[in-house]
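Asks: First, the structure itself, so that you have it in front of you.
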Amino acid sequence: MSSQQLQLARPLKHLLFLGYRLLRKTSFVKEILSQVPEDAWREYLIRDFIYGDYGAAYGISAQTKRDLVRQFERTLTVVPSGTSLLVHLTLARALLSVPPDLKGDVIECGVWKGASSCSLSLLCQLTGRRLLVCDSFDGLPDTGLELYDTPHLGVYGYLTGGMFRGRFDEVSSNIKQFGAIEACEFVPGFFKDSLQNLKRPLVFAFLDVDRYSSTQECLQAIWPNLQEGSYLFSDDAAHMRIAALFFDQQWWQSNLACPAPGLYGAGSGLPLWPTGSSIGYTRKLSRFNPNELRRVSYLYYPEHEPMH
Ligand SMILES: C[S@@+](CC[C@H](N)C(=O)[O-])C[C@H]1O[C@@H](n2cnc3c(N)ncnc32)[C@H](O)[C@@H]1O
Numbered sequence: 002m003s004s005q006q007l008q009l010a011r012p013l014k015h016l017l018f019l020g021y022r023l024l025r026k027t028s029f030v031k032e033i034l035s036q037v038p039e040d041a042w043r044e045y046l047i048r049d050f051i052y053g054d055y056g057a058a059y060g061i062s063a064q065t066k067r068d069l070v071r072q073f074e075r076t077l078t079v080v081p082s083g084t085s086l087l088v089h090l091t092l093a094r095a096l097l098s099v100p101p102d103l104k105g106d107v108i109e110c111g112v113w114k115g116a117s118s119c120s121l122s123l124l125c126q127l128t129g130r131r132l133l134v135c136d137s138f139d140g141l142p143d144t145g146l147e148l149y150d151t152p153h154l155g156v157y158g159y160l161t162g163g164m165f166r167g168r169f170d171e172v173s174s175n176i177k178q179f180g181a182i183e184a185c186e187f188v189p190g191f192f193k194d195s196l197q198n199l200k201r202p203l204v205f206a207f208l209d210v211d212r213y214s215s216t217q218e219c220l221q222a223i224w225p226n227l228q229e230g231s232y233l234f235s236d237d238a239a240h241m242r243i244a245a246l247f248f249d250q251q252w253w254q255s256n257l258a259c260p261a262p263g264l265y266g267a268g269s270g271l272p273l274w275p276t277g278s279s280i281g282y283t284r285k286l287s288r289f290n291p292n293e294l295r296r297v298s299y300l301y302y303p304e305h306e307p308m309h
């Protein structure tokens, strides 16, 4: 742009800005703008998934990820689901970040009609891993009426036996249609029985099991098999009692002989929407690894000059 064009462009820019400031005061524009942060953040997360380097180590291109987003969306328009596109993308980002040379499979506990299994199975197919699809295929266990409250999300209700029932035929037919059934191994039954003999390296886990006791059963079976550094996601992170389980030193020491790992997103979920979400994660990290973290100017490092 020449300096003459620049001189003309500047007043025009000011005029447009003034117009925008005036328009911003009208209730119609205010209403539109109030929607923007949520939409902008959603678009950012989708673009970050497509153009970020997630999956690059597996040779997965931006076009393949764009197709994945479309496939996830298609599944979610047809298959009833307790999870949304942004949750599926969150799982996809983490799963595609698992180093290819880390050997092991992916486990999903709590599938309902199989919507999340469809997305996870496509990711497993792309990364050459098996997906263990674990569910009673008969809904929640009948362990009584249980309060399910997520105070930060402002929601409460009750769980009862048989809720979220997705029959095996229904789930497998959904995965055949919208996922990659070849990548799946089904583990039917209630977790306290079906996961008892679980013994294989796992690099990623997704729990969406609603009940406190079901979360305990999954953690007890999965954690010993989880490879160092691996992610375990829970879609019950906004449930305070379930979130607290991840910080319960006594429970972890007596059941898994290790310190409680904590939960990112505990109580309010990861920031997928301005209000939070239901999903959180933890990682199996037995030791502190400073190479994964950054240093900052406001903290002290003993081997450097002392801070004043
Ligand atoms: C909220 S649904 C899962 C939703 C699913 N992830 C989705 O994206 O649509 C919870 C599932 O957990 C299963 N479940 C919960 N506790 C269980 C247990 N102890 N044993 C087996 N299945 C269990 C239920 O059968 C149900 O399918």
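When the sequence shown is numbered by our numbering, its final residue is 309 and no position is left out of the sequence of numbers.
No residue lacks a Cβ here, since even glycine has one placed at the ideal position from N, Cα and C.
Small disclaimer: the values here were computed from a predicted structure and weren't measured.
Below 8 Å on the Cβ atoms is my contact criterion, and I expect T144 with R212 to pass it. Report the Cβ-Cβ distance as a whole number of Å.
Replies: So it is a contact: roughly 7 Å between Cβ atoms.
Asks: Which same chain residues end up closer than 7 Å to L69 when comparing Cβ atoms and leaving out the 5 residues on each side of it in sequence?
Replies: Here the set comprises A93, L123.
Asks: Over what stretch of residues does the beta strand (DSSP E) that includes Y282 continue unbroken?
Replies: Per DSSP, Y282 belongs to the beta strand (DSSP E) from 281 to 284.
Asks: Tell me A258's beta-bridge partners as DSSP assigns them.
Replies: None, per the DSSP bridge assignment.
Asks: Would a check of beta-carbon distances place S235 closer than 8 Å to chain C?
Replies: In the displayed structure, chain C is absent; only one protein chain is listed.
Asks: Look up Q228 in the DSSP assignment and say whether it is helix, strand or coil.
Replies: In the structure shown, Q228 sits in a strand (DSSP, three-state: E or B).
Asks: Give me whichever residues DSSP pairs with C119 in a beta bridge.
Replies: Per DSSP, none; premise fails for C119.
Asks: What is the C-beta distance between R75 and F179, in whole angstroms, given that I count them as a contact (C-beta under 8 Å)?
Replies: Rounded, the Cβ-Cβ distance is 7 Å, consistent with contact.
Asks: Measuring from the CB of G111, is there a heavy atom of ligand 1 at a distance below 7 Å?
Replies: Checking every heavy atom of ligand 1 against the Cβ of G111, one is found closer than 7 Å.
Asks: Buried or exposed for L203, please, with buried defined as at least 16 other CB atoms from any protein chain shown within 10 angstroms of its CB.
Replies: So L203 counts as buried.
Asks: Does the Cβ of H305 have 16 or more other Cβ atoms within 10 Å, making it buried, or fewer, making it exposed?
Replies: Classification of H305: exposed, given that the 10 Å Cβ count is below 16.
Asks: Check G270 in the structure and name its three-state DSSP category.
Replies: Here G270 sits in coil by DSSP.
Asks: If you reduce the DSSP assignment to three classes, tell me which class D392 lands in.
Replies: Absent from the model: residue 392. The displayed extent of the chain is 2 to 309, so no value can be given.
Asks: Using a Cβ-based criterion (distance less than 7 Å to any ligand heavy atom), does V210 qualify as near ligand 1?
Replies: The answer is yes for V210.
Asks: From this set, H153, L294, L196, L19, which residue's C-alpha is nearest D237's C-alpha?
Replies: With distances taken between Cα atoms, D237 lies closest to H153.
Asks: So, using beta-carbon positions, are V188 and F138 closer together than 8 Å?
Replies: In this structure, F138 does not lie closer than 8 Å to V188 by Cβ.
Asks: For the region 76 to 92 against the region 27 to 38, do three or more pairs of beta-carbon atoms, one drawn from each stretch, fall closer than 8 Å, so that the two count as touching?
Replies: As far as the Cβ criterion goes, the region 76 to 92 does not touch the region 27 to 38, which means the pair count is below three.
Asks: Do you know offhand how far R295's Cα is from S231's?
Replies: So the two alpha carbons sit approximately 20 Å from each other.
Asks: Along the chain, where does the alpha helix (DSSP H) containing F179 start, and where does it finish?
Replies: Per DSSP, F179 belongs to the alpha helix (DSSP H) from 169 to 179.
Asks: If you count every other CB in all the chains shown that lies within 10 Å of the CB of I176, and 16 or more means buried, which is it?
Replies: Buried is the call here.
Asks: Which runs of the beta strand (DSSP E) fall wholly inside the region 185 to 236 and span at least 3 residues, in chain order?
Replies: List check, beta strand (DSSP E) in window: 185 to 189, 203 to 208, 227 to 235.
Asks: Going by DSSP, which residues form a beta bridge with Y148?
Replies: Residue identity check: residue 148 is Leu in the sequence provided, not Tyr. According to DSSP, L148 bridges with Y159.
Asks: In terms of residue numbering, what span does the beta strand (DSSP E) encompassing V107 cover?
Replies: From DSSP, the beta strand (DSSP E) with V107 extends over 106 to 110.
Asks: Grab the span of the alpha helix (DSSP H) containing Y52 for me, first residue to last.
Replies: Start and end: 28 to 52.
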